[in-house]
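Worksheet for the structure shown next.
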Amino acid sequence: MTHTVTEGADAEQLRSRIAAELERTRARTALLTEVVDDADLMRQHSPLMSPLVWDLAHVGNQEELWLVRDVGGREPVRCDIDDLYDAFKQPRRDRPSLPLLPPTEARAYVATVRDKVFDLLDRVAFDSRPLVADGFAFGMIVQHEQQHDETMLATHQLRSGPAVLQAPPPPEPTVRPAGEVLVPAGPFVMGTDADPWALDNERPAHRVELAAYLIDAAPVTNGAYAEFIADGGYDDPRWWSEQGWLHRQEAGLSAPLHWRRDGDGWAYRRFGRWSPVRADEPVVHVCYHEAQAYASWAGKRLPTEAEWEKAARWDPATGRSRRYPWGDDDPTSAHANLGQRHLWPAPVGAYPAGASPLGVHQLIGDVWEWTSSTFRGYPGFVAFPYREYSEVFFGDDYQVLRGGSFGTDRAACRGTFRNWDYPIRRQIFSGFRCARDADAEQARR
Ligand SMILES: [Fe+2]
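Anchor point for the sequence shown: position 304 equals 304 in the UniProt record's numbering, and the numbering is continuous, going up by one each time.
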């Protein structure tokens, strides 16, 4: 990593950008925790999730540890609660039985921490210390809180009771992306050295050589997925991996999470409201095993992580890797369905301005996309700022997901951003697209 010193007007600009990001993020956290009452905040809505009040104080506790204590070198606000809000020490299923701060106290705690952080932000020198260069630790804390905001949104999707969240529907399609896109053989640069707030697992940038492949122009839709179900896909072990089939049997999987039969078709429950399943929306709430089985049934496979990233970032005109499919500019509402502006994926074809140069649509936003790759460090990986951020998760247990969902904020979503989860998880906003090897004739084109 290169560590630049930011001074003068540039430092002031960085300060105001960080302040704006912190405030924007906190507004989201506040909304997600203010739309329900105190009893609801303290309740565990699923053994997979924390009570919302745990997420709230945990966000503040991480901010205190990294910014107030580490960067600022200040006295602790509350060191008596560090263990309670340590995600490694407290498994999610146990969190409701902990002596958690009640909502009023949790809100006061995060507000006190935030006041100290703003005070610190006014004075901090963005020197070459790795933690403060380019405002990295502040960016890490913004991303951390945004990731919890997505987790809290997933908790909202699991909670029962009347609907409390409101948002306008996503835009309607204006184009009809269909079929597959050929990505020619050759090298591309994967990962980044340049994005100042990129996390350790996205680094370093490195050259990857890929054979020619075809990738779906859009994520797999509900309509296509319903055909897999109607064709008996869930009852045919041919399509499933051995592990996937075992899980399908044990968990009794028969459709995506939150779906139920509705006459001849299907309905889904989204944030407390039932509606008919819409055929042209990307399928969401499927686990890796379901994605993999669908791909086999379709005569395809899931893309590797490198294939996903090349489709998303590689510019055939220059050979360069972009930050996003559309270029280097930050996402706007015209590019992608991000940031909880809408509460579900947009129909395929709703974001033509967000397509990659090769014509691959909706790689960013809408649904996290399962890849066939397990979570590993890139060649030359260096843990930063601590091993627990990524390195302890490397290995065969986790599958990588890419691209972010409608619940992901732009601050936690880049062409290089990597998410990981267990292959059985589907309470997250996960979907997928398929890929396959190009045949010899296609590869020559
Ligand atoms: Fe966390």
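Virtual Cβ for every residue (Gly too), placed ideally from N, Cα, C. On a predicted model such as this, the values are computed, not experimentally measured, just so you know.
Just to confirm, does residue i get its C-beta within under 7 angstroms of one of the non-hydrogen atoms of ligand 1?
i	result
Ala230	no
Gln62	yes
His361	no
Ala87	yes
His3	no
His144	yes
His58	yes
His289	no
His335	no
His148	yes
Do you know offhand how far residue i's Cα is from residue j's?
i	j	result
Tyr234	Pro303	21 angstroms
Thr416	Leu343	24 angstroms
Ala57	Gln442	54 angstroms
Phe118	Ala19	7 angstroms
Arg322	Asp366	20 angstroms
Arg24	Gly135	17 angstroms
Ala291	Gly349	21 angstroms
Pro345	Gly8	42 angstroms
Ala137	Trp259	40 angstroms
Leu165	Gly299	39 angstroms
Ala353	Trp326	7 angstroms
Val113	Ser373	38 angstroms
Thr4	Asp127	7 angstroms
Ala27	Glu34	10 angstroms
Gly263	Thr221	20 angstroms
Ala185	Glu209	8 angstroms
Ala154	Asp86	20 angstroms
Ser356	Ala106	43 angstroms
Glu172	Phe406	15 angstroms
Asp37	Gln340	21 angstroms
Asp328	Ser241	38 angstroms
Leu52	Gln146	14 angstroms
Pick helix, strand or coil for residue i, following the three-state DSSP scheme.
i	result
Trp66	helix
Ala198	coil
Phe228	helix
Ser275	strand
Arg402	strand
Phe381	coil
Ser430	strand
Val110	helix
Glu369	strand
Asp55	helix
Met49	coil
Pro282	strand
Asp119	helix
Ser321	strand
Asp216	strand
Pro352	helix
Gly327	strand
Gly73	coil
Start and end of the beta strand (DSSP E) containing residue i?
i	result
Val183	Glu180 to Val183
Ile18	No beta strand (DSSP E) contains Ile18, which is instead part of the alpha helix (DSSP H) from Gly8 to Glu34.
Ile424	From DSSP, Ile424 is part of no beta strand (DSSP E); its letter is neither H nor E.
Trp259	Trp259 to Asp262
His206	His206 to Leu210
Arg269	Gly265 to Arg270
Ala411	First-last for Ala411: undefined, no H or E at that position.
Ala435	Ala435 to Asp437
Pro256	Segment: none, Pro256 is in no beta strand (DSSP E) and carries neither H nor E.
Alpha helix (DSSP H) containing residue i: first to last residue?
i	result
Leu246	Glu242 to Ala251
Ala125	Unbroken run through Ala125: none, as it is neither H nor E.
Leu153	Phe136 to Leu158
Asp40	Asp38 to Met42
Ala443	Ala440 to Arg444
Arg313	Glu305 to Arg313
Ala167	From DSSP, Ala167 is part of no alpha helix (DSSP H); its letter is neither H nor E.
Exercise. Does the stretch 399-417 come close enough to the stretch 137-150 to have 3 or more Cβ pairs within less than 8 angstroms?
Worked result: Flag = yes, the stretch 399-417 and the stretch 137-150 touch.
For this session: Could you tell me whether the stretch 319-336 touches the stretch 250-266, using the rule of 3 or more Cβ pairs below 8 angstroms?
Result: No, the stretch 319-336 is not in contact with the stretch 250-266.
Exercise. Three or more beta-carbon pairs under 8 angstroms between the stretch 212-230 and the stretch 173-180, yes or no?
Worked result: With a cut-off of 8 angstroms, the stretch 173-180 and the stretch 212-230 count as touching, because enough Cβ pairs lie within range.
For this session: May I ask you to verify whether the stretch 224-234 touches the stretch 279-296, counting CB pairs closer than 8 angstroms and requiring at least 3?
Result: Contact holds: three or more Cβ-Cβ distances are below 8 angstroms.
For this session: Tell me, please, whether the stretch 98-117 touches the stretch 40-57 by the rule of three or more beta-carbon pairs shorter than 8 angstroms.
Result: Yes: at least three Cβ pairs fall under 8 angstroms.
Exercise. Contact between the stretch 397-406 and the stretch 303-317: three or more CB pairs below 8 angstroms?
Worked result: Contact between the stretch 397-406 and the stretch 303-317 is present, because at least three Cβ pairs lie under 8 angstroms.
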